[in-house]
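Numbering (our numbering), first residue to last: 98 to 267.
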């Protein structure tokens, strides 16, 4: 599957923003992000080419703050929708029963409540602002899905804040 993630970086230019993204997500000894097996590189937006308009796949926040905020809110809204979907899956999960039934001597398959545990893990990862395939917006400067640090950088140096969409496969 493919997913577009907006990566947030601080840079002096469009080229430096792309270089920072490339440096962070280029596979070396360990994949980063660990949930993706590859990503598009030319352009990074891949299937989401022209993400910010014709020929535009990198956006300096100050070039078009309205468009930047629109894309951020749309993508973060998608994250919230995934959280709500996961929450719906785990509403009937009895964690105390799971702990009581836990057995290190027996493999417990992902059936019944096992799948609910999977959704609980996905929900917890998103609530912790971890980088997952559902995070949608990720701050590469602070390595978080939380926008607080990006907002703080906007207050100090808005002209150095960039949004770079990347087409990830997982």
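Ideal placement from N, C-alpha and C gives every residue a C-beta, glycine not left out.
This one's a predicted model, so the numbers in the text were calculated from it and none came from an experiment.
Measuring only the C-alpha atoms, how far is residue 141 from residue 223? 23 Å
With DSSP as the reference, identify every bridge partner of residue 136, one or two as the case may be. 265
Are the beta-carbon atoms of residue 259 and residue 106 separated by less than 8 Å? yes
Can you give me the Cβ contacts of residue 210 inside the same chain, cut-off strictly under 7 Å, excluding the 5 residues immediately before and after it? Within the same chain, Cβ atoms closer than 7 Å to the Cβ of residue 210 are found at 190, 195, the five residues on either side in sequence being excluded.
Within 10 angstroms of the Cβ of residue 248, are there 16 or more other Cβ atoms? Answer buried if so, exposed if not. exposed
Simplified DSSP state of residue 106, which is helix, strand or coil: strand
When you compare the CB positions of residue 144 and residue 264, do they come within less than 8 Å of one another, or not? yes
Exposure label - residue 135; buried when at least 16 CB within 10 Å: exposed
Restricting to Cα atoms, I'd like to know which of 118, 133, 123, 103 is closest to residue 266. 133
Check for me: the beta strand (DSSP E) holding residue 235 runs from which residue to which? 234-236
Under a Cβ-count criterion, where at least 16 other Cβ atoms within 10 Å of its own Cβ denotes burial, should residue 204 be classed as buried or exposed? exposed
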